[in-house]
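Below you'll find the structure, written out as structure tokens, and then a few comments.
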Amino acid sequence: MAIEAVNLKVNYGNKEILRNINLHIPDKEIVTIIGPNGSGKSTLIKALSRCLKVTEGTVNLYGKNINNISTKKIAQKMAILPQVKNISADITVENLVSYGRYPHLRIGKRLNMEDKDIISWAIEKTGLVDLRDRHVATLSGGERQRAWIAMALAQKPKILLLDEPTTYLDVSYQLEVLELVKELNKSLNLTVVMVLHDLNQAARYSDNIFVLNEGEIFEWGNPENIIRSTLLKDIFRIESHIYRDEINDCPYFIPYKVI
Amino acid sequence: MSGYIKEKEYKKILILIVFVLLFITSFFISVGYGAVKITYEEIIKAIFFEIDTVNYQIIWNVRLPRTIVAALVGIGLSLSGAILQGVMRNPLASPKIIGVSSGGGLVALIILIIFPQYYYLVPVGAFIGAFLTTLFIYSLAWKEGVLPTRLVLAGVAVSSLLGAGTNSLLTFFPDRVSGVLGFMVGGLSATTWRDVRMILPYVLAGIILLSFLSGKLNILMLGDEVATGLGVNVEVTRFIFIIISSLLAGSAVSVVGLLGFVGLIVPHMTRLFIGSDYRYLFPGTIFFGAAIVVICDTVARLLFAPIEIPVGIIMSAMGAPFFLYLLRNKEGLK
Ligand SMILES: Nc1ncnc2c1ncn2[C@@H]1O[C@H](COP(=O)(O)OP(=O)(O)O)[C@@H](O)[C@H]1O
Ligand SMILES: [Mg+2]
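If you're matching them up, the sequences are chains A and B in order.
Add 100 to a position in the first sequence, counting from 1, and you land on the number used in our numbering.
Add 213 to a position in the second sequence, counting from 1, and you land on the number used in our numbering.
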């Protein structure tokens, strides 16, 4: 089991944001978290990635309580791309990707040959070879997201956590990013946990889906189990027709009415 | 692939070399020029071979300590500002934000105005006042961790509170205002080797620590969550950086008074020249910051010689237009 959350509860101040969260994320799978705005998806990602202290419960990384592993050791196993990122105007793609080696460096040490090879590998893997000297701030949305993913790859993680990697991107860039994620999952056996807004994309790219509603896991399972008209009605307040995408072998739906 | 240095990196190294040369030049000009003009031959002789002449006395007891203090103050304030702008991810951050000026200033004024007989305690008092104010602001901003925005707000609030204390002191003791004006605007007159000893340890320690921590600051710039994801303990790191910058700026303020402007604009100017990568920004800030204060102090001494203007006034008068010029002309390159 790559990640396991046991009876998680997360508060912001006195406000309870997440409760009774129990989830298992198997190794090498793509797991997607979906749910309405404000249901606690980002909070869950932050709790799983130690960016946020949990109020109760535990998060285990490969069977070990995350509080008992040094933050650097965690970073060698798990990479995170949060929604809010910050980058100076003059940071190049290669600069950014090189930061991914940070958890593997000893303090004050410079990048060695192996680090540089890994940086080049991550840049190639994300298709950014021609853009490696460009400033990240000048890239298109899709390229920029790929540059961040390249940084995460340079960490050589086993697990990648992504919070809404496709939000604000044009549909072609959305596909570009998700195809890349899928490819990395297949070729590197990377475990992926991500938050997506588009339910059809979640159905197409995920092995398992967790549905979050008002801070609790409402339902989880494979895409067939989640893309059901009752669930869509209960959680997302829509009436919809459900079809099957034979080419990609996954369900999809078309909503026709808000209730 | 690896092993070769990119063109951009060469440019940055070149700019660093220019900064170093600028600093060395300004250092010698500062030691050479003053009410008495001394040739470079004599300077070298005085520094390296002990010859007891009048010029030797001037160089050793007046010009050298003053120039060294100017350089150290420039380094301390600029580095402090460079760190804070990164830690807070806020371009307007400066040592003022963490209460160095308001805290150090208030303690210094209390001593100078109410207990003038203890004037010699001003450096130590200002230093401690600055540091305690930083800790106070930090603890006010603490709430399951410290967010940069809360820190900035707490800093502004505490500073204006202490500023009120400063202003009431000035109002209640109008007859003693002239005695503290020098401290308020920041000046380097009558600096001695004792001042060098006061500030040197902090600047040296700061430089050594930062040479290990520049990579960490680059990572912190990416945002708290990204930094956590890369294995940085954000809270601890931020605290360490804030302590370092408080000590750096506090030791500078304790010696020269409230020379606030340096810590705000020198890091900016350096960034415009050399970029925001702290592996270059730190060394750049060190030499450029030292050079700027030494140059401004030289101008302050020479402009209306033998009357001296406080260096703080020259800093603002020369620094601000130069900064605006850079901002307008360099921004287009990015
Ligand atoms: N820093 C915060 N302080 C207090 N409440 C917060 C904070 N961040 C998020 N929340 C609240 O927690 C709930 C869940 O937020 P979030 O996890 O961002 O939802 P989602 O990502 O599913 O849209 C929301 O009600 C939001 O208002
Ligand atoms: Mg969110």
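Backbone N, C-alpha and C fix where the C-beta goes; we use that ideal spot for every residue, glycine too.
All of these numbers come straight from a predicted model, not from anything done at the bench.
Any chain B beta carbon closer than 8 Å to residue i
i	result
residue 265 of chain A	no
residue 126 of chain A	no
residue 184 of chain A	yes
residue 164 of chain A	no
residue 300 of chain A	no
residue 350 of chain A	no
residue 330 of chain A	no
residue 305 of chain A	no
residue 171 of chain A	yes
residue 230 of chain A	no
For residue i, three-class secondary structure by DSSP
i	result
residue 167 of chain A	helix
residue 155 of chain A	coil
residue 146 of chain A	helix
residue 262 of chain B	coil
residue 355 of chain A	strand
residue 243 of chain B	helix
residue 103 of chain A	strand
residue 211 of chain A	coil
residue 294 of chain A	strand
residue 215 of chain B	With a pLDDT of 40 at residue 215 of chain B, under the threshold of 50, the predicted position of this residue should be treated as unreliable, though the coordinate-derived value follows. Here residue 215 of chain B sits in coil by DSSP.
residue 310 of chain A	strand
residue 300 of chain B	helix
residue 431 of chain B	helix
residue 190 of chain A	coil
residue 321 of chain A	strand
residue 268 of chain A	coil
residue 526 of chain B	helix
residue 490 of chain B	coil
residue 119 of chain A	strand
residue 412 of chain B	helix
residue 517 of chain B	strand
residue 132 of chain A	strand
Residue i at chain A interface by Cβ criterion, 8 Å
i	result
residue 301 of chain B	no
residue 230 of chain B	no
residue 443 of chain B	yes
residue 255 of chain B	no
residue 419 of chain B	no
residue 434 of chain B	yes
residue 222 of chain B	no
residue 274 of chain B	no
residue 545 of chain B	At residue 545 of chain B the pLDDT is 43, less than 50, meaning the model places this residue with poor confidence; the figure from the coordinates comes in the next sentence. By this cut-off, residue 545 of chain B is not an interface position.
residue 425 of chain B	yes
residue 488 of chain B	yes
Residues near residue i by beta carbon distance below 6 Å, same chain, minus five either side
i	result
residue 334 of chain B	324
residue 320 of chain A	310
residue 472 of chain B	399, 525
residue 396 of chain B	321, 470
Residues of its chain near residue i, where Cβ-Cβ distance is below 7 Å and the 5 sequence neighbours each way are ignored
i	result
residue 233 of chain B	500
residue 302 of chain B	361, 434
residue 161 of chain A	103, 169, 174, 177, 178
residue 242 of chain A	269, 273, 276, 277
residue 306 of chain A	130, 131, 132, 323
residue 527 of chain B	509, 512, 513
Rounded separation between residue i and residue j - CA only
i	j	result
residue 484 of chain B	residue 494 of chain B	6 Å
residue 163 of chain A	residue 259 of chain A	14 Å
residue 427 of chain B	residue 150 of chain A	24 Å
residue 194 of chain A	residue 233 of chain A	6 Å
residue 375 of chain B	residue 314 of chain B	10 Å
residue 110 of chain A	residue 147 of chain A	8 Å
residue 296 of chain B	residue 310 of chain B	12 Å
residue 118 of chain A	residue 132 of chain A	17 Å
residue 141 of chain A	residue 135 of chain A	7 Å
residue 337 of chain B	residue 491 of chain B	31 Å
residue 553 of chain B	residue 304 of chain B	Outside the shown range of chain B, which is 214 to 547, sits residue 553 of chain B, and nothing can be said about it.
residue 283 of chain A	residue 292 of chain A	11 Å
residue 219 of chain A	residue 352 of chain B	40 Å
residue 329 of chain A	residue 165 of chain A	38 Å
residue 371 of chain B	residue 380 of chain B	14 Å
residue 279 of chain B	residue 339 of chain B	19 Å
residue 185 of chain A	residue 262 of chain A	12 Å
Contacts around residue i, its chain only, beta-carbon distance under 8 Å, and the 5 residues preceding and following it disregarded
i	result
residue 533 of chain B	474, 478
residue 101 of chain A	124, 125, 126, 127, 160, 162, 163
**Prompt:** With a cut-off of 8 Å, do at least 3 Cβ pairs link the stretch 203-214 of chain A to the stretch 502-518 of chain B?
**Reply:** No: the two stretches stay apart, fewer than three of their Cβ pairs being nearer than 8 Å.
Query raised in the report: Are the stretch 229-243 of chain B and the stretch 356-370 of chain B touching, with three or more C-beta to C-beta distances below 8 Å?
Result: no
query: Per the contact definition of three or more C-beta pairs closer than 8 Å, is the stretch 221-232 of chain A in contact with the stretch 454-469 of chain B?
result: no
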